[in-house]
Every structure is written in structure tokens, then in C-alpha cells.
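Sequential numbering from 18 applies to the sequence shown in my numbering. Heads up, the thing below is written out as C-alpha cells.
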Amino acid sequence: MVTLHGLTSIIGAQDEFEVVHSERDIDVSLSALAEHRPDVYVIESCFGGDCVLETVVRAACPVPVLIVSRHRSALVLQRAMRHGARGYIPLEARPSMLGEAMLRIVSGSVYLDPGLGAELAERRGIHTLSERELDVLHLVAIGHTTAEIAASLYVSERTVEACRSSLKSKLGLRTKAQIHAYAWNKGLITACSCVPVPGAG
Numbered sequence: 018m019v020t021l022h023g024l025t026s027i028i029g030a031q032d033e034f035e036v037v038h039s040e041r042d043i044d045v046s047l048s049a050l051a052e053h054r055p056d057v058y059v060i061e062s063c064f065g066g067d068c069v070l071e072t073v074v075r076a077a078c079p080v081p082v083l084i085v086s087r088h089r090s091a092l093v094l095q096r097a098m099r100h101g102a103r104g105y106i107p108l109e110a111r112p113s114m115l116g117e118a119m120l121r122i123v124s125g126s127v128y129l130d131p132g133l134g135a136e137l138a139e140r141r142g143i144h145t146l147s148e149r150e151l152d153v154l155h156l157v158a159i160g161h162t163t164a165e166i167a168a169s170l171y172v173s174e175r176t177v178e179a180c181r182s183s184l185k186s187k188l189g190l191r192t193k194a195q196i197h198a199y200a201w202n203k204g205l206i207t208a209c210s211c212v213p214v215p216g217a218g
């Protein structure tokens, strides 16, 4: 388990890394960051809320930021990545995960706690769709044709096709049947709203 007190010693024990500064005060920490320009900046997320986190990530740029959070939450992870952090691990993670995360980030990759990464992918799914894409998703799922959807939404068929292509890409779906199954599983449609289940086209 990684504890706040032990972060410095764990990082210092890594052959590939050297701790150039350790500080609990955020202002002093940012000053040291500007002075040392380390390969990776590790911050414990209890420093502050979203505004502080965004400020830290911006101030650190181009130094990649690794968030070590007290909260093992996909929502906290989502916020951290939205603000530009390159990695996120929970405070209770095993010490070896910290070293692995730092190596991955320094190499130019992104590192997410494996379990939360999967949860974030699920969270990102439908929430990445626009209102228009959600409308198209619903209408496709209940069996309407492109022409019917265009007439219903007062848009061109080309717009409907563009929305279908976009939502398929965002959700990893390829066929009408997959769209129908996805919408059903998410509770977006019910048996009463469905016309005959679309085919695999």
C-alpha cells in the first residue's frame, strides 16, 4: 500500500528515478517544479479540488503529471485526465504500481489504474454522445430508417448518416443489431418502444 508519507521513499528506491524535491505546500511545490523541471511530477490529489488540479497540470506542462489519489474513483480519474494528467493511481495501490506508472509516463504513454481504466471507458461511452447523436441512437435502436429519422429530427439524411457513423465509432458498434442491443442494455429503449428488431446490416 502506498501511503502519502512513503511516496518519497518509494520513488527514491526506483533505480530509474531520483527525488529532486518533496513538498506538501502547493505553492512551494510549483516553485520547485519550475526550478527543477523533473521528468515526471507526482502529486497527491488532496492538494485541492478541480481548480487546483487544473492549475497544477497547466503549470507543470510540458512535465507529465501523475496523480496519486486518496479516492479510488472513476469520477476523480475522469477529472484528472480531463485536466491533462498523464497518469492516475489510487493511494492504496501496491508500491510497484507507482514505479510502473512513472516509467510508462516518462516513455510518453498514459497510465491508468487498470480497474478504473475499464470503468472510465464504460463511463465515457454514452456520455461522449451529443444530444443529436443520442436522438439518432434511440431512433435507430427502435428500428427507424435513415429517411424516417431525418424527417423526425428535421435534418438531412446526410446529417443522420454522419451521426450514425460518429456514434458507432464512439461506442465501438458496427451494426443495427449491436446498436439495438446497446440501447436495450443501457435502458434507452423498452419492449413497448421497439418495432421489429433490426437486422445485422
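Glycine residues also receive a C-beta, built at the ideal position from the N, C-alpha and C atoms.
For residue i and residue j, I'd like the C-alpha separation in whole angstroms.
i: residue 173; j: residue 196; result: 21 Å
i: residue 37; j: residue 123; result: 16 Å
i: residue 305; j: residue 178; result: With the chain running from 18 to 218 in the structure shown, residue 305 is simply not present.
i: residue 34; j: residue 28; result: 7 Å
i: residue 127; j: residue 58; result: 14 Å
i: residue 54; j: residue 105; result: 20 Å
i: residue 118; j: residue 47; result: 21 Å
i: residue 165; j: residue 151; result: 16 Å
i: residue 84; j: residue 205; result: 35 Å
i: residue 188; j: residue 158; result: 14 Å
i: residue 100; j: residue 198; result: 33 Å
i: residue 87; j: residue 94; result: 11 Å
Hey, out of the options, whose CA is closest to residue i's CA?
i: residue 31; options: 60, 147, 199, 116; result: 116
i: residue 170; options: 154, 43, 103; result: 154
i: residue 201; options: 160, 39, 71; result: 160
Which partner residues does residue i have in the DSSP bridge list?
i: residue 129; result: 105
i: residue 85; result: 61, 106
Between residue i and chain B, is the shortest Cβ-Cβ distance under 9 Å, so that the two count as touching?
i: residue 132; result: Included in the structure is just one protein chain, with no chain B present.
Which whole-angstrom value is the C-beta distance of residue i and residue j, which I expect to be below 8 Å?
i: residue 60; j: residue 82; result: 6 Å
i: residue 130; j: residue 110; result: 7 Å
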